[in-house]
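Asks: Each residue of the sequence shown is one higher than the one before, counting from 977 in my numbering.
Ideal Cβ placement from N, Cα and C applies to all residues, glycine included.
Below is the structure I would like to discuss, written out as structure tokens.
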Amino acid sequence: APKIGSDTSVTGWQMMALQSGRLAGLDVPQKTFDGIEKWLDMAQAKDSSHQFVYNPLAPRELQTVTDDSGRTRRVDMSHGRRPNQTMTSVGLLMRMYSGQRRDDPDMIAGARYLMQNLPSNGTRLNVERDTYYWYYATQVMFHMGDKYWETWNERLHPLLTEGQIQSGPLAGSWDPKKPVPDKWAHHAGRIYVTTLNILSLEVAYRHLPIYEDTAK
């Protein structure tokens, strides 16, 4: 919210919209992009310049939260300060849109990190299915090209096409809970996973110049 707080996830979505608007001829103040850069500098992991955290301002203490069923539990909120693969993919994409080159050491290190975390459904005891992560990392790896894109896409493409429902009234969609639940589908459901999966599959075909014009 304005003048209240932010996080790397929301900032990533906003930057893509702003960059697209700028390329379409809309007037987007440079100070807005400067603010995004400031956030990225804050969200960059302290001991790893190619990784990013969700919220560097997250509280360090335990907080009481209430779930949808009304049950309360104590949650360690400091996890937002720790880097993870999803926020790293968002941060790397934003760095690209800010003009960071493919051959920058941090971009190369980031792409290698994503290579170590290729798409996988995992198991019900160790769920790795994360459509959100795949969507952002797919864009990063496509922009990086060469072995990064080839390796990533060779894993992602069959994972998505083989998991897509082929018949019946839900044909063309993806089940948010099968073969294992997507990490965020309990919040957004079938439309969410289907939309992001389609966008990930289309990256190589619908690619817009939101990166090419800034960091060739």
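So is A1147 in contact with chain C if we call contact Cβ pairs under 9 angstroms?
Replies: No chain C is present in this structure, which holds just one protein chain.
Asks: Do you know how far the Cα of K1153 is from the Cα of A1191?
Replies: Because the pLDDT of A1191 is 46, which lies under 50, any placement of that residue in the model is unreliable, and the question is left without a value.
Asks: Using the Cα positions of D1003 and Q995, report the straight-line distance between them to the nearest angstrom.
Replies: For D1003 and Q995, the distance between alpha carbons rounds to 10 angstroms.
Asks: If you drop the 5 nearest sequence neighbours on each side, which residues of the same chain put their C-beta closer than 7 angstroms to that of A1021?
Replies: Q1027, F1028, V1029, P1059.
Asks: By the three-class DSSP mapping on this structure, what secondary structure does Q1092 have?
Replies: Correct three-state label for Q1092: coil.
Asks: Classify N1173 as buried or exposed, calling it buried when 16 or more other Cβ atoms lie within 10 Å of its own Cβ.
Replies: Buried, by the Cβ-count rule.
Asks: For my contact list, G1062 and D1017 are in at a C-beta cut-off of 8 angstroms; report their separation, rounded to the angstrom.
Replies: In the sequence on display, residue 1062 carries Thr and not Gly. Contact doesn't hold; Cβ gap of about 19 angstroms is too wide.
Asks: Figure out for me which residue from V1156, S1149, T1048, Y1109 has the closest Cα to the Cα of L1090.
Replies: Of the candidates V1156, S1149, T1048, Y1109, the one whose C-alpha sits nearest the C-alpha of L1090 is Y1109.
Asks: Tell me whether G1056 is buried or exposed, calling it buried when 16 or more other Cβ atoms sit within 10 Å of its Cβ.
Replies: Buried: at least 16 other Cβ atoms inside 10 Å.
Asks: Starting from Q1027, trace the beta strand (DSSP E) both ways and give me its first and last residue.
Replies: Q1027 -> beta strand (DSSP E) spans 1024 to 1028.
Asks: Can V1169 and T1099 be called in contact, C-beta distance under 9 angstroms?
Replies: Against a cut-off of 9 angstroms, the Cβ pair of T1099 and V1169 comes out as no contact.
Asks: For L1068 and P1095, which I take to be in contact (beta-carbon distance under 8 angstroms), what is that distance rounded to the nearest angstrom?
Replies: Not quite, the Cβ-Cβ distance comes to about 16 angstroms (not below 8 angstroms), so this is no contact.
Asks: In the DSSP assignment, the alpha helix (DSSP H) including H1133 goes from what residue to what residue?
Replies: From DSSP, the alpha helix (DSSP H) with H1133 extends over 1122 to 1139.
Asks: For A960, is the classification buried or exposed, using 16 other Cβ atoms within 10 angstroms of its Cβ as the cut-off for buried?
Replies: Any property of residue 960 remains undetermined from this structure, which presents the chain solely from 977 to 1192.
Asks: For D1044 and D1079, what's the separation of their Cα atoms in angstroms?
Replies: Roughly 45 angstroms separates the two Cα atoms.
Asks: Roughly how far, in whole angstroms, is the beta-carbon of A1019 from the beta-carbon of T984, given that I think they are within contact range, below 8 angstroms?
Replies: Their Cβ separation, rounded to whole angstroms, is 5 angstroms, which keeps A1019 and T984 in contact under 8 angstroms.
Asks: Out of P1032, Y1124, V986, G981, point me to the one whose CA is closest to A1085's CA.
Replies: Considering only alpha carbons, the answer is Y1124.
Asks: Starting from the Cα of R1088, find the closest Cα among N1102, V1116, G1075, Q1142 and give me that residue.
Replies: Ranking the options by Cα distance to R1088, first place goes to V1116.
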